[in-house]
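Just below is one structure, and these are the notes that go with it.
Numbering (UniProt numbering), first residue to last: 1 to 517.
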């Protein structure tokens, strides 16, 4: 998890409190700079009268930064706290807390056996080795940052240069400057990172960088957008970035990190058959949708596409829940036996001896031996007899009005007259005038109707930060829905419009609420 701001922890200490209580934490390992800032923060709280409750019964251990010996790839002889201790494959190594509902944190138990299998899996399929150089800005508390980057480097899989995520967001050019300087071979980012890189760097800057050494530019942790890939590769071609280096991947914390790696293929399928029948049929016509493969299936990980209701395995091309089993599959959720049994011990119907599959909650299909991911089961909207993927609606909304922030869009289901309705949330500047807000609403309604033949039940226009996201920038649509239901989303919105009646613009009746300043 991200550590609370030690000087002003009021807004950020709650996750630490919940997680420390959930795992019965006994100690905190930090550095002297943070420990000193925490003491200053405590003194400030006393002076201002704002009480901050840090988790009780925690022993704080402040250390100086260790100096790693590059020749031996290890620490000096004083770093011997674990000498003589030999954990088994089943011994828990870390608890990786997921980005689920904020009120019920789930710690995924990652064992030493999980880490060993995952590191070997990544080493072989990503071409890792001592002559490889990785540059990563993804957070160290995220599975890609901690396991995919830091632990792989400690295992000798590559040399590693780390950047702060805040440094990247403030100045994305720094990422490329570092990769240019160290001749990086491997890097990774969620989709939004590549979008930000295009928007916040100039053609002149890109022409000064040499990225030809990159053999792996991975996109993971959130859905991959075809438009993002195309724009990014075009923009950075002048820097020598090779298109074949770009590779989507699929993974999740419950499987340590990776499930499939190095996606290569692009597939265009019939949208109508995908939504109405749950079948991915190759089709190049106008009513089609493009998917990027997330990597070929391998012998290292058993991946199945399964009917989530009957638990029967599905044929290639059929959309179903992704089930996974391998030595990278985590031991379960810490202190939650029922949730562990439900998620980690699934059985395939009609397959003798089948047990122990991880139910990912993600929908996908296999085509020509490669995995394609459609989205989260809980996010899928069932409207007008069709299964609608919210990211398709969000994609349409991205460019429907110039005031809409590209990363601030969410589509989710709400109840409307006993059936599911469609709610759309978009972010704009907090000081946008009324005519711009109204224009955004009308543009959103029109594009959803035109592109998807669907009527918006509600359009919410909010300020920056309105769309709930995970630590990796992934949209949390269920959180947006929960905030709509409890009224907190509307309370902070700039404009909320509800629409009733038939799915036509002319017949819609609207009510508008302008947030009070």
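Virtual Cβ for every residue (Gly too), placed ideally from N, Cα, C.
ask   = Out of curiosity, what's the CA-to-CA distance linking residue 143 and residue 209?
value = The alpha-carbon atoms of residue 143 and residue 209 are separated by roughly 29 Å.
task = For residue 357, count neighbouring C-beta atoms within 10 Å of its own C-beta (all shown protein chains included) and say buried if the count is 16 or more, exposed if not.
result = buried
key: Complete beta strand (DSSP E) runs within the UniProt domain "AMP-binding enzyme C-terminal" (379-491) (minimum length 3 residues, chain order)   = 381-383, 386-388, 409-416, 419-427, 458-462
ask   = With DSSP run on the structure shown, which of helix, strand or coil describes residue 529?
value = As shown, the chain starts at 1 and ends at 517. That puts residue 529 outside it, with no answer to give.
task = May I have the straight-line CA-CA distance separating residue 262 from residue 140, to the nearest angstrom?
result = If you draw a straight line from the Cα of residue 262 to the Cα of residue 140, it is about 22 Å long.
task = Measure the beta-carbon distance from residue 428 to residue 489 and round it to whole angstroms, keeping in mind my assumption that it falls under 8 Å.
result = About 15 Å separates the two Cβ atoms, so there is no contact after all.
inquiry  = Which complete alpha helix (DSSP H) runs does the stretch 151-201 hold, if anything under 4 residues is left out?
reply    = 165-170, 173-182, 191-200
ask   = Alpha carbon to alpha carbon, what distance is there between residue 165 and residue 183?
value = Whole-angstrom Cα-Cα distance: 20 Å.
message = Give me, in chain order, the residues of the same chain whose beta-carbon lies closer than 7 Å to that of residue 400; leave out the 5 immediate sequence neighbours on both sides.
response = 443, 444, 447
key: Beta-carbon proximity check, residue 519 vs residue 423, cutoff 8 Å   = Any question about residue 519 goes unanswered here, given that the chain covers just 1 to 517.
request  = Using a Cβ cut-off of 8 Å (strictly closer), state whether residue 188 contacts chain C.
outcome  = In summary, chain C is missing from the structure at hand, where a single protein chain is found.
Buried versus exposed, by CB contacts within 10 Å (16 or more), residue 323 = buried
task = Go ahead and label residue 397 buried or exposed: buried means 16 or more other beta carbons lie within 10 angstroms of its beta carbon, across all protein chains shown.
result = buried
message = Ignoring anything shorter than 4 residues, give me the alpha helix (DSSP H) runs that lie fully in the stretch 7-40, in order along the chain.
response = If only complete runs of 4 or more residues are kept, the stretch 7-40 shows the alpha helix (DSSP H) at 14-23, in order along the chain.
Inter-stretch contact (C-beta, 8 Å, three-pair minimum) for the stretch 178-192 and the stretch 214-226 = yes
Which of helix, strand or coil DSSP assigns to residue 325 = It is a strand residue.
task = Could you spell out where the beta strand (DSSP E) holding residue 337 opens and where it closes?
result = Not the beta strand (DSSP E): residue 337 falls in the alpha helix (DSSP H), residues 337-344.
ask   = For residue 112, which option in 227, 213, 420, 329 has the closest C-alpha, if you only look at C-alpha atoms?
value = Nearest C-alpha to residue 112 among 227, 213, 420, 329: 329.
request  = Specify the secondary structure class of residue 228 as computed by DSSP and reduced to three states.
outcome  = Correct three-state label for residue 228: helix.
message = Out of 351, 116, 359, 258, which one is the CA nearest neighbour of residue 345?
response = 359
query = Is residue 367 helix, strand or coil when you go by DSSP?
reply = strand
task = Please determine, among 384, 302, 383, 406, the residue with the shortest C-alpha to C-alpha distance to residue 355.
result = By alpha-carbon distance to residue 355, the top candidate from 384, 302, 383, 406 is 302.
task = Could you tell me whether the Cβ atoms of residue 300 and residue 326 are closer together than 8 Å?
result = yes
ask   = Roughly how many angstroms separate the alpha carbons of residue 533 and residue 492, rounded to a whole number?
value = In the structure as shown, the chain starts at 1 and stops at 517, and residue 533 therefore has no counterpart that could be examined.
key: Cβ contact check for the stretch 365-384 and the stretch 332-345: 3 or more pairs under 8 Å   = no
task = State yes or no: is the C-beta of residue 331 within less than 8 Å of the C-beta of residue 109?
result = yes
ask   = Three-state secondary structure (DSSP) at residue 286?
value = coil
request  = In angstroms with no decimal places, state the Cα-to-Cα distance between residue 253 and residue 402.
outcome  = Straight across, the Cα-Cα distance linking residue 253 with residue 402 is about 36 Å.
query = Quick one: is the Cβ of residue 20 within less than 7 Å of any heavy atom of the ligand GDP?
reply = Annotation note on the ligand GDP: not contained in the displayed structure, which lists no ligands.
ask   = residue 405: which of 483, 199, 317 sits nearest, CA to CA?
value = 199
task = Tell me, to the nearest whole angstrom, how far the beta carbon of residue 297 is from that of residue 371; I am working on the premise that it is less than 8 Å.
result = 6 Å
Delimiting residues of the alpha helix (DSSP H) encompassing residue 113 = 112-125
request  = Enumerate in chain order the residues of its own chain whose CB-to-CB distance from residue 465 is below 6 Å, with the five nearest sequence positions on each side excluded.
outcome  = none
query = Quick one, are the C-beta atoms of residue 204 and residue 473 less than 8 Å apart?
reply = no
message = Checking 8 Å against the spacing of the C-beta atoms, do residue 10 and residue 50 come in under that value?
response = yes
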